[in-house]
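Visitor: Quick one: the structure is below, and I'll ask about it shortly.
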Amino acid sequence: MLVNTKNILEEAKKGGYAVGAFNLLSHPTVEAILNVAEETNTPVIVQINDWVDPNLAIARRKSQFEADTFMNYLVDRCKASPVPVAINLDHCKTYEGCMRGIKWGCTSVMIDGSELPVEENIKLTKAVVNTAHACGVSVEAEIGHVGGRADDTVKEDVYTTVEEANLFYKKTGVDMLAVSIGTTHGVYLKKPKLNFDRISELNKNISIPLVMHGGSGLTPGDYIECAKRGITKINFATYMFMEGGKYIKETLEKNADKPAEFNTLLKAGIEGQKAIIREHIEYFGTKKYDEIFRQ
Ligand SMILES: [Zn+2]
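Count along the sequence shown from 1, add 49, and you get the number used in our numbering.
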């Protein structure tokens, strides 16, 4: 069933577990994510991009027609699922893009003004919140700044403080907040320095769910600790895509003497993604949903 992202995360906050938010670009990844959620009876968040944004990386971009027809499929597929599924528009930098996400059927949009001066970030986020709430869609925003792909250094002063998070929440009315707690996007070049105490402090003082970006590549213990201390949404993409590719590569190598068959490789890629999703759902503690909310 397609549900509001906020509902999934409020339950997670109550239940003391996190829910995976997995990015997708194509049908096989949608099936991998939803199949695992359905097999494990757990809620899940699928994440899309503002596909038609000309500033989006070319590998992720879709034409208007491709985007519209893909979103028809995605919304129908999520509605048909027996488990709670939310569709989130990930890292959208513009008001217009968030409106496209709402039109496509997203149940939440993330307005990412984290690179703007804080007053401008508040202004942009507030404008998106006003329209999204009128449409029954929830909003994620980001303060502090989660490092980018080439940025492997996280300095002490980039960790989000309780004061700035509270001020941002009060001024925007946002539904969930991405906080900077020491993770970076992409592949880690050196061990991240996570600030677990800051997560606990933020969780104790802020009523809305907390989101972790750059969730790929942490240790199982890191995920367990983050979920325990109050992170409720963990964004995960890079390692999932790499694991799918790894399974395809292995299948090709194992069958090097035979012709490569499209469906065999596709199936291998889906299996690879499913394996790593299954493993991470376990670390995130999402299975608790089954014990708490499905009696
Ligand atoms: Zn992110």
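By construction, the Cβ of each residue, glycine as well, lies at the ideal position given by its N, Cα and C atoms.
Tell me whether Asp125 is buried or exposed, calling it buried when 16 or more other Cβ atoms sit within 10 Å of its Cβ.
Guide: Asp125 comes out exposed.
Visitor: Report the option in Ala324, Asp306 and Gly264 whose CA atom is closest to the CA atom of Gly293.
Guide: Nearest of Ala324, Asp306 and Gly264 to Gly293, Cα basis: Ala324.
Visitor: So the candidates are Val134, Ile330 and Asp224; which of them puts its Cα closest to the Cα of His182?
Guide: When each option's Cα is compared against that of His182, the closest is Asp224.
Visitor: Can you name the residues that DSSP bridges to Phe285?
Guide: Note: Phe285 sits in a beta bridge opposite Phe71.
Visitor: Examine ligand 1 and report whether any of its heavy atoms sits within less than 7 Å of the Cβ of His370.
Guide: There is no way to answer for residue 370, as the model of the chain reaches only from 50 to 344.
Visitor: Just the C-alpha distance for Pro241 and Tyr208, rounded to the nearest angstrom, thanks.
Guide: Approximately 12 Å, taken between the alpha carbons.
Visitor: Does the beta-carbon distance from Val260 to Glu189 come in below 8 Å?
Guide: Yes, Cβ-Cβ distance for Val260 and Glu189 is below 8 Å.
Visitor: Buried or exposed for Val236, please, with buried defined as at least 16 other CB atoms from any protein chain shown within 10 angstroms of its CB.
Guide: Exposed: under 16 other Cβ atoms inside 10 Å.
Visitor: Sorry if obvious, but does the Cβ on Gly231 come closer than 7 Å to a heavy atom of ligand 1?
Guide: It does not: the Cβ of Gly231 is nowhere closer than 7 Å to a heavy atom of ligand 1.
Visitor: Could you check whether the segment 151 to 170 touches the segment 131 to 138, counting it as contact only if at least three pairs of C-beta atoms, one from each stretch, sit closer than 8 Å?
Guide: Because the criterion of three Cβ pairs below 8 Å is met, the segment 151 to 170 and the segment 131 to 138 touch.
Visitor: Decide if the segment 306 to 313 is in contact with the segment 90 to 99; the criterion is three or more beta carbon pairs, one per stretch, under 8 Å apart.
Guide: No, they do not touch.
Visitor: Mind listing, in chain order, the continuous beta strand (DSSP E) runs of no fewer than 3 residues lying wholly within the segment 161 to 189?
Guide: DSSP runs (the beta strand (DSSP E)) wholly in the segment 161 to 189: none.
Visitor: Quick one: what's got a C-beta closer than 6 Å to Glu191's C-beta in the same chain, skipping five residues either side?
Guide: Only Asp161, Ser163 and Ala227 meet the Cβ criterion.
Visitor: Report the three-state DSSP secondary structure of Ala214 (helix, strand or coil).
Guide: Of the three classes helix, strand and coil, the one that applies to Ala214 here is helix, per DSSP.
Visitor: Between the alpha carbons of Lys172 and Ile257, how many angstroms are there, rounded?
Guide: Whole-angstrom Cα-Cα distance: 19 Å.
Visitor: When the Cα atoms are used, what is the spatial distance from Gly334 to Asp306?
Guide: Cα to Cα, Gly334 sits roughly 42 Å from Asp306.
Visitor: Closer than 6 Å by C-beta to Ala86: which residues in its own chain qualify, once you throw out the five before and the five after it? Chain order, please.
Guide: Closer than 6 Å at the Cβ level, and outside the excluded window around Ala86, lie Val93 and Val132.
Visitor: Is Gly263 near ligand 1, with its Cβ less than 7 Å from a heavy atom?
Guide: For ligand 1, at least one heavy atom lies less than 7 Å from the Cβ of Gly263.
Visitor: Who are the Cβ neighbours of Val211 in its own chain at under 8 Å, not counting the five residues just before and after it?
Guide: Taken in chain order, the residues that qualify are Glu250, Leu251, Asn254 and Ile255.
Visitor: Report all residues from its chain with a CB closer than 6 Å to the CB of Leu73; omit the five preceding and five following residues, and keep chain order.
Guide: Once the five neighbours on either side are set aside, the close Cβ partners of Leu73 are Val79 and Val95.
Visitor: Quick one: does the C-beta of His329 sit closer than 7 Å to a heavy atom of ligand 1?
Guide: Every heavy atom of ligand 1 is 7 Å or more from the Cβ of His329, so no.
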